[in-house]
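Single-structure report; data block below.
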Ligand code: 5AD
Ligand code: SF4
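In our numbering, the protein residues as written are 1118 to 1553.
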């Protein structure tokens, strides 16, 4: 029998990218192959994001686009997974009767049974928070070769309840996967060609699946032969403990790049966001991290136009950015999320949010560019990932996560090499092999 085809569209964060890979593997056990073309699919799965309003709305417009396909081929099954599924499962089924299956992020191991149910003509909805480890139950992981970099989810959920954020509601309480399971998965990835692993979690530095916390897990992973690089994302400042700060100085495999969101620079706004730290505490933490690893590149998330943010509050965010100097950053206009405390507060007008976002992004882009330009003339280590667009060109990432293009024969994906940076373009660096 010809294999059935599965089309998965992934929205949102890297944790969804990881989950989509696991869902594809689980469905592989049921005879599905993935396809890049929804027209060819027997099943379409949208792995959704609920973090901002626009992200959720995209799901409904995407579903609308499949109406024609579904009426031409009623056998086509359509499923919604991820955080929108968790938050609005029943509403999705009501609003879009063509949806056959709704599965929340904690129930992916139940997908094969759910698929059998919809194949039989029924509907399936599962948005439970079961006790069992969903990744342990996802069978059928093929031993296929992998690229040089991979994500590995070690922690899910969040107990922080920032006043703007839906994550504690959609992904539930913090849960860590035990270190032995993570190590087993890491060894398996390395056997299949992976050289760099990014540990993922909504609040990854709160990881407690190892007695030594996330630092303990990182040191254990550093013992895995063939694994060259470790990264982790995303972290809350208050969970950055001494051992993890120290690991940035002592663990050679831990890369000098840290995503540490602060969201805002005004203490009034930080308090209303329920972030549980001040701007000064964040700046002191950055100092300690830089003392452990002086060349650390920092990345952050920022929200502008949080309820009751004044121009002076916004200026405090700009001042904090000036003080830190970020190597990269993500910034967003505050988006009202029903059910979160901030949605009830007086809102900042949209044009004000637009204006602040523009000013903030101009500053962040300037910093990003100047840190990137400062790499010219320096040597970096590049893990090569794939061929570039020009013949003979390879592209990889430096330890600071800059994309680096090199024109050289004989480099293969997965190779690590010392590269002298020669020039800096809008989004990437160019360099030459420097074996000395
Ligand atoms: N509005 C705007 N941005 C948000 N984020 C989370 N919730 C919201 C919201 N309601 C941003 C935060 C977080 C990132 C993943 O998304 O900056 O760190
Ligand atoms: Fe959301 Fe991150 Fe705050 Fe948790 S720490 S509530 S995931 S923004």
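For each residue, glycine too, the CB sits at the ideal point set by N, CA and C.
Residue from the options whose Cα sits closest to the Cα of residue i
i	options	result
residue 1525	1305, 1184, 1549 and 1240	1549
residue 1311	1129, 1302, 1239 and 1267	1267
residue 1273	1326, 1281 and 1333	1326
residue 1128	1399, 1290, 1179 and 1229	1179
residue 1136	1458, 1223 and 1515	1223
residue 1542	1493, 1535 and 1499	1493
residue 1533	1521, 1151 and 1539	1521
residue 1197	1185, 1191 and 1240	1240
residue 1304	1181, 1487, 1412 and 1345	1345
residue 1283	1496, 1484, 1455 and 1507	1455
residue 1496	1551, 1445, 1484 and 1467	1551
residue 1191	1515, 1149, 1217 and 1301	1217
residue 1440	1355, 1396 and 1187	1396
residue 1139	1193, 1160 and 1226	1226
residue 1157	1145, 1182, 1130 and 1123	1123
residue 1461	1333, 1516 and 1390	1390
residue 1547	1529, 1535, 1523 and 1527	1523
residue 1422	1450, 1432 and 1398	1450
residue 1145	1121, 1155, 1132 and 1126	1121
residue 1408	1365, 1427 and 1420	1365
For residue j and residue i, believed in contact at Cβ under 8 Å, the rounded distance
i	j	result
residue 1504	residue 1465	46 Å between Cβ atoms; not a contact.
residue 1502	residue 1509	Contact doesn't hold; Cβ gap of about 16 Å is too wide.
residue 1313	residue 1265	6 Å
residue 1166	residue 1199	6 Å
residue 1331	residue 1361	6 Å
residue 1250	residue 1231	Rounded, the Cβ-Cβ distance is 18 Å, inconsistent with contact.
residue 1556	residue 1280	Any question about residue 1556 goes unanswered here, given that the chain covers just 1118 to 1553.
residue 1443	residue 1416	6 Å
residue 1229	residue 1143	6 Å
Secondary structure of residue i, DSSP reduced to three states
i	result
residue 1160	strand
residue 1413	coil
residue 1228	helix
residue 1278	coil
residue 1119	coil
residue 1193	coil
residue 1348	strand
residue 1419	strand
residue 1356	helix
residue 1136	helix
residue 1482	helix
residue 1217	coil
residue 1246	coil
residue 1125	strand
Residue ranges of each beta strand (DSSP E) within the region 1423-1458, 3 or longer: If we require 3 residues or more, the beta strand (DSSP E) runs fully inside the region 1423-1458 come out as 1445-1450.
Length-filtered (4 minimum) alpha helix (DSSP H) runs lying within the region 1283-1320: 1284-1287 and 1296-1308
Runs of beta strand (DSSP E) wholly within the region 1361-1408 (minimum 3 residues, chain order): 1374-1376
Residue ranges of each beta strand (DSSP E) within the region 1486-1542, 3 or longer: Those beta strand (DSSP E) runs which fall completely within the region 1486-1542 and span 3+ residues are 1496-1504, 1510-1514, 1520-1524 and 1533-1541.
Touch test, the region 1179-1189 against the region 1153-1161, Cβ-Cβ under 8 Å, three pairs minimum: yes
Contact between the region 1340-1357 and the region 1283-1297 (3+ Cβ pairs under 8 Å): The region 1340-1357, when compared against the region 1283-1297, does not touch it at the 8 Å Cβ threshold.
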